[in-house]
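S.K.: Sharing a structure with you now.
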Amino acid sequence: MASILVTCYSRTGKTKLLAEAIGRGAAEVAGMNVDVLAFNRVTASDFVRYDGIILGSPVYFGGVASEFKELIDDTTFVRGKLCGKVGAAFTTAGDRTGGKETAILSIVQAMLIHGMIVVGDPIANSEGNEEHSGGHYGLAADGQLNETDIEHGVNFGRYVAKIVARMAEEKSV
1 MASILVTCYS
11 RTGKTKLLAE
21 AIGRGAAEVA
31 GMNVDVLAFN
41 RVTASDFVRY
51 DGIILGSPVY
61 FGGVASEFKE
71 LIDDTTFVRG
81 KLCGKVGAAF
91 TTAGDRTGGK
101 ETAILSIVQA
111 MLIHGMIVVG
121 DPIANSEGNE
131 EHSGGHYGLA
141 ADGQLNETDI
151 EHGVNFGRYV
161 AKIVARMAEE
171 KSV
């Protein structure tokens, strides 16, 4: 059975809400084991156990939260053990121009350094949702989350999980 870890740092609870939606979507994929874990319950060495890792942070000054960056920095201790795993990123911001893409790219950069296979948020998602034009590098939301943001989270989680399932299936062949 393939597995995904979804975790994020969330000071106000908004990023956590998006993480939970992503986890729900990922869990819809048959045969997928999904853990949505509180940020303070996860260490870098936990990443090794999962086939897919979806990480999120609120945006602070165009980057990730310092608490989240600390976790990313700790992944140097598992260097080489995340190669070939699927990774994806998401973020939330207070403003629509709040630096969401730069924060996502800093998460993606760490994943690429580890040799992970990074999944973005597709422009044309598999659910055919014309309103969602995709976040390109990952999922991003701003302001107060609404139903559409939650729906995008579910779709993003499902999309990433389908890729993790495909990768896991290829490994077993």
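So the sequence shown is numbered by UniProt numbering: it starts at 1 and just counts up by one. Think of the CB as a built atom: it goes at the ideal place given N, C-alpha and C, for glycine as much as any other residue.
1) Looking only at its chain, what residues have a beta carbon closer than 6 Å to the beta carbon of Gln109, apart from the 5 residues adjacent to it on each side?
2) Tell whether a beta-carbon distance below 7 Å holds between Ile107 and Ala89.
3) Run through DSSP, which three-state label would Asn125 get?
4) Specify the secondary structure class of Asp35 as computed by DSSP and reduced to three states.
5) Suppose the cutoff is 8 Å on Cβ atoms and the five residues either side in sequence are ignored; what does the same chain contact list for Gly99 look like?
6) How far does the beta strand (DSSP E) with Ser57 in it reach, from first residue to last?
7) Nearest to Val86 by CA position, among Ala19, Met111, Glu70, is which residue?
M.R.: From the atom records:
1) Cβ neighbours of Gln109 within its own chain (closer than 6 Å, five residues either side excluded): none.
2) Annotated as proximal: Ile107 and Ala89, with beta-carbon spacing under 7 Å.
3) At Asn125 the pLDDT is 49, less than 50, meaning the model places this residue with poor confidence and gives no usable figure here.
4) Of the three classes helix, strand and coil, the one that applies to Asp35 here is strand, per DSSP.
5) If we look at Gly99 and ignore the five residues flanking it on each side, its Cβ neighbours are Val59, Phe61, Gly62, Gly63, Ala93.
6) Element bounds for Ser57: 52–60.
7) Ranking the options by Cα distance to Val86, first place goes to Met111.
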